[in-house]
Structure formats: structure tokens, C-alpha cells
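Worksheet: one structure, shown below.
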Amino acid sequence: MDIELQKVSYSYGVGTPFEKRALFDVDLLIPSGSYQAIIGHTGSGKSTILQHLNALLKPTEGTVRIGSAIIEYKKKPKDLRPVRQKVGIVFQFPEHQLFEETVLKDIMFGPMNFGVDEKEAEERARKMSKLVGLPEEVLEKSPFDLSGGQMRRVAIAGVLAMKPDVIVLDEPTAGLDPRGRKEIMELFYKLYKEQNLTMILVTHSMEDAARYADHIAIMYNGRCVLTGKPLEIFSDATKLAEFRLEVPHIIRFQKRLEARLGFSLPKLCLTEEE
Ligand code: ADP
136 MDIELQKVSY SYGVGTPFEK RALFDVDLLI PSGSYQAIIG HTGSGKSTIL
186 QHLNALLKPT EGTVRIGSAI IEYKKKPKDL RPVRQKVGIV FQFPEHQLFE
236 ETVLKDIMFG PMNFGVDEKE AEERARKMSK LVGLPEEVLE KSPFDLSGGQ
286 MRRVAIAGVL AMKPDVIVLD EPTAGLDPRG RKEIMELFYK LYKEQNLTMI
336 LVTHSMEDAA RYADHIAIMY NGRCVLTGKP LEIFSDATKL AEFRLEVPHI
386 IRFQKRLEAR LGFSLPKLCL TEEE
């Protein structure tokens with residue numbers, strides 16, 4: 136399912152003295168099956184875009200298309216449940232949203248809330264918890280007895296149990312140590328490849344964007360100022376400096392090696408250690 140933003144502008148607090156424009160004429164097409172990163176410094180508009188991706192916010196100008204659903208300002212709201220089911224958001228610190236007595240019940244909560252029967256919800260929960268690498272014995276435990284990394288996996292399994300087509304990741308590695316970060320990012324990449332998902336990574340980590348995404352959009356002061364493949368985007372360090380961004384280490388390494396070899400290397404064939 137693809138998502139398209141056409142000339143999207145958004146202002147908070149329209150008509151109040153606190154009115155604040157956060158997005159200006161953003162055009163962005165996220166094709167089905169792609170791994171799109173949206174990057175930019177704090178305050179550049181990333182979270183505001185994120186909330187348009189499953190209609191938590193409606194644009195104040197322009198159009199958001201999510202699959203066949205069209206979302207526009209002041210248009211009568213349609214039933215947005217199918218959109219919300221198809222686009223799952225893994226929010227920052229998703230473990231803060233866990234609340235059920237057991238891990239199993241927590242993962243089943245989303246689907247049951249959307250009308251899936253208990254048997255089917257449990258089947259999905261068991262399957263998804265395996266997929267995210269949770270051992271079976273934790274399913275009957277309280278989610279609050281798990282480690283931070285495992286709690287995050289429970290939250291991710293809960294999003295997957297909704298059977299989304301698109302997963303939006305909001306700074307998914309916030310608060311994790313380098314090893315935990317790598318594990319979680321590798322898990323998302325595996326899910327992306329194996330589950331036929333569209334991934335949208337909202338982050339300020341350029342290393343993660345360069346390593347995993349196949350398309351990058353750069354936000355700067357509410358505008359989408361650059362879009363393209365990682366190598367295209369990061370090849371112009373001067374331009375990036377204008378947007379207060381740096382060329383990531385991994386790309387510098389790849390470019391250096393390519394210059395030495397005299398031909399382009401496919402993305403993701405390198406690791407920082409090489
Ligand atoms: P990012 O996620 O890149 O840090 P945001 O989308 O949160 O950026 O913010 C974009 C702009 O909108 C910022 O100037 C921010 O101060 C403003 N903003 C964000 N949320 C609100 C809000 N609820 N009310 C008013 N202004 C907001």
C-alpha cells in the first residue's frame with residue numbers, strides 16, 4: 136500500500152493566538168514495498184509528518200492518500216479504522232504503552248480491539264512473538280517483568296499482530312545501547328524483507344537511514360528539502376551542512392572504497408568494521 140503526500144501543509148492551533156505552521160507544501164511519495172527514511176533535526180517536522188501517515192492528523196492544506204483513502208482538511212471524516220489497521224506505528228519508547236497482565240494478552244489487545252476473535256488473536260500473538268524473537272515462556276509473564284529490549288519486542292509484536300501493510304518507526308532505537316540498537320534495527324530489516332512490508336523510519340540517525348533505507352527524505356524547517364537514494368543524498372556534504380546534517384560514516388566509507396575500486400557497490404554490502 137503506497138502513501139502519498141501532495142502539497143501538505145499543517146498548522147497547530149489554527150485560529151488561536153498560538154497558531155504555528157509546522158509543515159509547508161510537503162510532497163512525498165512512499166511506494167509500496169519501499170524502506171523510506173524521514174530524517175531531519177529536532178523541530179524539522181518529522182513527528183508532524185508521522186502523524187499524517189495514519190491520519191492521526193489531517194493536513195490543513197493539501198492531500199494525504201493512504202492506499203485508496205484520501206484525507207483532506209474539512210472533508211467529512213470517513214471510517215479511518217481500516218487505515219489505522221493497515222498503517223501500524225511503533226512509537227518512541229513503545230514499551231510505555233504496555234499495560235496488560237501478561238505478554239500474550241498485551242499482544243492480543245490490538246487485534247481484539249479491532250474485532251478479531253480471541254482464538255485468531257491468540258494465534259497471531261503466538262506467531263508474531265516468535266517472529267520478533269520472544270521465547271515462548273515469557274508469554275504468560277507480566278510484560279513489566281521483562282528486560283527493556285524484550286518489552287520493546289512485545290510492543291512490536293503487538294503492532295505486527297494487527298497485520299499492517301505499512302510500519303512506521305518513530306526513533307525506534309531511542310534509549311537503547313549500541314548492541315540493542317543494532318539488534319532492533321536488524322529485526323526491523325528482517326521483518327521488512329520477510330513480511331512484505333513497507334517501512335517508514337522516522338529518525339535523526341543518519342547512520343540508520345543510510346544503512347537500512349532505500350529512499351531518504353530530508354526535512355528542514357517544515358519543508359521536505361531533499362529526496363533520493365542514500366548515496367545520492369549523502370554524496371553532497373556541503374548541501375547537507377546547509378540542513379545541519381552530516382554525511383554518515385558508513386557512506387563516507389562506501390564512497391572512499393568506491394573511489395578506490397572505480398565502480399559502485401550495492402548498498403548494505405558493507406559494515407562499519409570493514
Ligand atoms: P520533529 O519531530 O522533527 O522534532 P515536530 O513535527 O515535532 O518536529 O515539530 C515541528 C514544529 O511544530 C516545531 O516548530 C514544533 O515546535 C511545532 N510543534 C510540534 N507540536 C506542536 C504542538 N502540539 N503545538 C504547537 N506547535 C507544535
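In short: position in the sequence shown from 1, add 135, done, that's my numbering. By construction, the Cβ of each residue, glycine as well, lies at the ideal position given by its N, Cα and C atoms. No experiment lies behind these values; they were computed from the predicted model shown.
### Message
Any residue with its Cβ nearer than 5 angstroms to a heavy atom of the ligand ADP should be included. What is that list in chain order?
### Response
Y147, K155, A157, T177, G178, S179, G180, K181, S182, T183
### Sub-9 angstroms separation of E230 and A290 beta-carbons
Along the sequence shown, one-based indexing puts residue 230 at 95. Along the sequence shown, one-based indexing puts residue 290 at 155. Yes, these two residues count as a Cβ contact at 9 angstroms.
### Query
Taking buried to mean at least 16 other C-beta atoms within 10 Å of its own C-beta, is E306 buried or exposed?
In the sequence shown, the residue the question calls residue 306 occupies position 171. By the neighbour-count definition (other C-beta atoms within 10 Å, threshold 16), E306 is a buried residue.
### Message
Our contact map puts I351 next to I174 with C-beta atoms below 8 angstroms; I'd like the distance itself, whole angstroms only.
### Response
Walking along the sequence shown from the start, residue 351 turns up at place 216. Walking along the sequence shown from the start, residue 174 turns up at place 39. About 6 angstroms separates the two Cβ atoms, so the contact holds.
### Query
If we count the other Cβ atoms within 10 Å of its Cβ and call it buried at 16 or more, is D312 buried or exposed?
Here residue 312 refers to the residue found at position 177 of the sequence shown. Label assigned to D312: exposed.
### Message
With a threshold of 8 angstroms on Cβ separation, who are the neighbours of K155 within its own chain once the five nearest residues in sequence on each side are excluded?
### Response
Taking the first residue of the sequence shown as 1, we reach residue 155 at position 20. Same-chain partners within the cutoff: S146, Y147, G148.
### Query
Are at least three pairs of beta-carbons, each pair with one atom in the segment 221–229 and one in the segment 340–347, less than 8 angstroms apart?
no
### Task
With DSSP as the reference, please indicate the residues paired to V225 in a beta bridge.
Position 90 of the sequence shown, counting from 1, holds the residue named residue 225. DSSP lists L304 as partners of V225.
### Message
Taking 6 angstroms as the limit between beta carbons, can you name the residues of its chain near N248, skipping five residues before and five after?
### Response
Residue numbering aside, residue 248 sits at position 113 when the sequence shown is read from its first letter. Nothing meets the Cβ criterion.
### Task
Give every residue of the same chain whose Cβ lies closer than 8 angstroms to the Cβ of A418, excluding the five residues on either side of it in the sequence, and list them in chain order.
Nothing can be reported for residue 418, as the shown portion of the chain is limited to 136 through 409.
### Query
Assuming Q171 and A309 make a contact with CB atoms under 8 angstroms, what is their CB distance in whole Å?
Taking the sequence shown and counting its residues from 1, one reaches residue 171 at position 36. Taking the sequence shown and counting its residues from 1, one reaches residue 309 at position 174. About 19 angstroms separates the two Cβ atoms, so there is no contact after all.
### Message
So for H188, helix, strand or coil by DSSP?
### Response
Position 53 of the sequence shown, counted from the first residue, corresponds to residue 188. At residue 188 the sequence reads Leu, which differs from the His that was named. Look at L188 here: in three-state DSSP terms it is coil, with no helix or strand label.
### Task
Pull up the distance between the alpha-carbon of K265 and that of E377, whole angstroms please.
For the purposes of this step, residue 265 is taken as the residue at position 130 of the sequence shown. For the purposes of this step, residue 377 is taken as the residue at position 242 of the sequence shown. So the alpha carbons of these two residues sit roughly 44 angstroms apart.
### Task
Give me the Cα-Cα distance between D300 and V382, rounded to the nearest whole angstrom.
If you number the sequence shown from 1, residue 300 lands on position 165. If you number the sequence shown from 1, residue 382 lands on position 247. Cα to Cα, D300 sits roughly 31 angstroms from V382.
### Query
Can you name the start and end residues of the alpha helix (DSSP H) that H384 belongs to?
Within the sequence shown, residue 384 is the residue found at index 249, counting from 1. 384–396 is the extent of the alpha helix (DSSP H) around H384.
### Query
According to the Cβ coordinates, are M136 and G197 closer than 9 angstroms?
By 1-based counting over the sequence shown, the position of residue 136 is 1. By 1-based counting over the sequence shown, the position of residue 197 is 62. It is not a contact, given that the beta carbons lie outside the stated cut-off.
### Residues near R219 in its chain [Cβ-Cβ closer than 8 angstroms; skip 5 each side]
What you label residue 219 is simply residue 84 of the sequence shown in a count that begins at 1. Hits under 8 angstroms: N189, A190.
### Status (buried if at least 16 other CB within 10 Å, exposed otherwise) for K221
By one-based count along the sequence shown, residue 221 stands at place 86. Taking a 10 Å sphere around the C-beta of K221, we find 16 or more other C-beta atoms and assign the residue as buried.
### Neighbourhood of E253 by C-beta, 8 angstroms cutoff - its chain only, sequence neighbours within 5 removed
Locating residue 253 in the sequence shown gives position 118, where the first residue counts as 1. So the qualifying residues of the chain are M243, M247.
#### Entry: Close Cβ partners of S169 (< 7 angstroms) along its chain, the five nearest in sequence each way excluded
Locating residue 169 in the sequence shown gives position 34, counting from the first residue. T333, D349, H350.
#### Entry: Segments of 4+ residues assigned as alpha helix (DSSP H) that fall wholly inside the segment 248–287
253–266
### Query
So what does I173 bridge to, in DSSP terms?
In the sequence shown, residue 173 corresponds to position 38, counting from 1. I173 pairs with V337, A352.
### Contact set for R379: own chain, Cβ-Cβ below 7 angstroms, skip 5 residues either direction
Translated into positions along the sequence shown, residue 379 becomes position 244. Closer than 7 angstroms at Cβ, skipping near neighbours: H176.
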